[in-house]
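Novice:
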Amino acid sequence: EMALWRLFFAAGLCRTAAVRVRPSASPQEPKLPDEGLESTEGLELTGWEEPEQRGFPPRVKSRQGNGNCMMRAPRFDSHWRSNCPVLRPNNEGQSSWLDLPPVEGTTKKPPKLALMMTIYDTITHADMWSAWLRSADEAGLNYSLVIHKKKQEEPLKKGQELERFLLNRSATTEYCRATTVWQLMIGMGLKDQDVTHFATITGDSIPLKPLSQIYAHLSKNPASRMCMDFDFGWRVRAETWWVMRRADAALLHKHQTLVATSFPVVCADEELWMKPLALRSCRDPDSSPLVNECVMFTDWTDSCKDWANHAEFSDFRNLHREQHSRADISHPRTYYSLSRASLRELEASPFWFGRKFA
């Protein structure tokens, strides 16, 4: 499986190099093209070109990357809509998806987050989640939590205090293809008419912001939040960890067959949510609000992914001294220790949750 992924990755890099129409800017002195968005006219847009080849300003190179990486700035790119001119439906099914009427949401209700956790058989930091939930209960905040355990036949190895939230059923999953699990849990959450948003988390994640602060953000801006990556050169995608408003989740759940058959993907978890929502938001931002915001901290420092900028959002000098594995093409760093100083750094960052902490 890893060999296949490396083949896809190599093919993407080769294709990107093949279509380059102007030299990229140097890491030290990034240069902007003279053309604006109008320069996309007359180009054969295939989805493989890098932003500067589509007439968009190139990103600066990241201090965390190497000379071969696109550079990332320590911010969420609020101007992701500059990609809308080349985000077009590629087939009849995608056009049909665009033409679907929006689903009525619950924007007038106070926020209620449905947390959807996926695990194998362990909730690594159940004590932190239990304390976080108690704090929410004491504050009188409404929420829901469901936990999908892949190994249904085996007992929970760690985190028994959260066992009451376990689903008594499971969906088949593979690497990069867990959308059936999210759809299962979304369907359950939609039965609760008070749920306004859904969030994806994992058994090796930790809470970084109190629920009261998360609800303050959702009240101010209830839009869906996707951790986008337009700069990898070959796919429109977002990290698997997102917060989605009810209207978007309901539409994706209701028409999941149309979406699955109309949007070809390499990694479904990263693509089957992002591109359908981005297409609709490009057409009508008011009825399909979507922002580029990463709610989950993941450390891709050692990789060329756009998400490697997470490491620059705060001073993580203590965290980076913790014992960890290197990030690669498929996985971010796993941290095997977490000191109080490192946790304080994470809590001071803009992220709501964090992973992977073994």
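Numbering (mature numbering (1 follows the signal peptide of the UniProt record, and there is no 0)), first residue to last: -18 to -1, 1 to 340.
For glycine and all other residues, C-beta sits at the position ideal for the given N, C-alpha and C.
Nothing here was measured: the structure is a model prediction, and the numbers come from that model.
Please report the Cβ distance between A309 and W282, rounded to the nearest whole angstrom; I am assuming they are in contact, meaning their Cβ atoms lie under 8 angstroms.
Specialist: About 5 angstroms separates the two Cβ atoms, so the contact holds.
Novice: Would you report the Cα separation of L320 and L80, rounded to the nearest angstrom?
Specialist: Answer to the nearest angstrom: the Cα atoms are 44 angstroms apart.
Novice: Per DSSP, which residues does L138 bridge with? Please list them.
Specialist: For L138, which the question treats as bridged, DSSP gives no partner whatsoever.
Novice: So, with DSSP's three-state summary, where would you put G122?
Specialist: Residue state, collapsed to three classes: coil.
Novice: Note down the Cα distance separating S21 from K173, rounded to an integer number of angstroms.
Specialist: Model confidence at S21 stands at a pLDDT of 28, short of 50, so the residue's coordinates are unreliable; what they give is reported in the following sentence. Looking at the two C-alpha atoms, the distance is approximately 47 angstroms.
Novice: Kindly identify the DSSP beta-bridge partner or partners of M278.
Specialist: For M278, which the question treats as bridged, DSSP gives the partners F335.
Novice: Could you name the residues that DSSP lists as bridge partners for S206?
Specialist: L272.
Novice: Taking W224 and W255 to be in contact with their CB atoms under 8 angstroms, please state how far apart those CB atoms are, rounded to whole angstroms.
Specialist: That belief holds up - the Cβ atoms of W224 and W255 are roughly 7 angstroms apart, short of 8 angstroms.
Novice: Could you tell me which of S201, R217 and E221 sits nearest to C209, measuring between CA atoms?
Specialist: The shortest Cα separation from C209 among S201, R217 and E221 belongs to E221.
Novice: Apart from the five residues just before and just after G336, which ones in its own chain have a Cβ nearer than 6 angstroms to its Cβ?
Specialist: So the qualifying residues of the chain are I188, L190, F279 and L328.
Novice: Does F245 come out as helix, strand or coil in the three-state DSSP assignment?
Specialist: Looking at F245 - three-state DSSP - the assignment turns out to be coil, as it is neither helix nor strand.
Novice: Report the residue ranges of all alpha helix (DSSP H) runs contained in full by the segment 166 to 240; include only those spanning at least 4 residues, in chain order.
Specialist: If we require 4 residues or more, the alpha helix (DSSP H) runs fully inside the segment 166 to 240 come out as 193 to 202 and 228 to 236.
Novice: In whole angstroms, what is the alpha-carbon distance linking L69 and D297?
Specialist: About 35 angstroms.
Novice: A250 lies in the alpha helix (DSSP H); which residues open and close that run?
Specialist: Run containing A250: A250 to E253, per the alpha helix (DSSP H) assignment.
Novice: On a CA-only basis, which of S269, L97, S312 and D103 is nearest L233? Give me that one, please.
Specialist: Nearest option by C-alpha distance: S269.
Novice: Using beta-carbon positions only, say whether G75 and S244 come within less than 8 angstroms of one another.
Specialist: Yes, the Cβ-Cβ distance between G75 and S244 is below 8 angstroms.
Novice: Whose C-beta lies closer than 7 angstroms to the C-beta of N48 among residues of the same chain, with five residues either side of it excluded?
Specialist: Residue placement at N48 cannot be trusted, given a pLDDT of 43 that sits under 50; what the coordinates show is reported in the next sentence. Hits under 7 angstroms: none found.
Novice: How about Q76: is its C-beta nearer than 8 angstroms to some C-beta of chain B?
Specialist: Here chain B cannot be found, since the structure has a single protein chain.
Novice: Look at the Cβ atom of H130, then the Cβ atom of L144, and state whether they are nearer than 8 angstroms.
Specialist: Their beta carbons are not under 8 angstroms apart, which means H130 does not touch L144 by this criterion.
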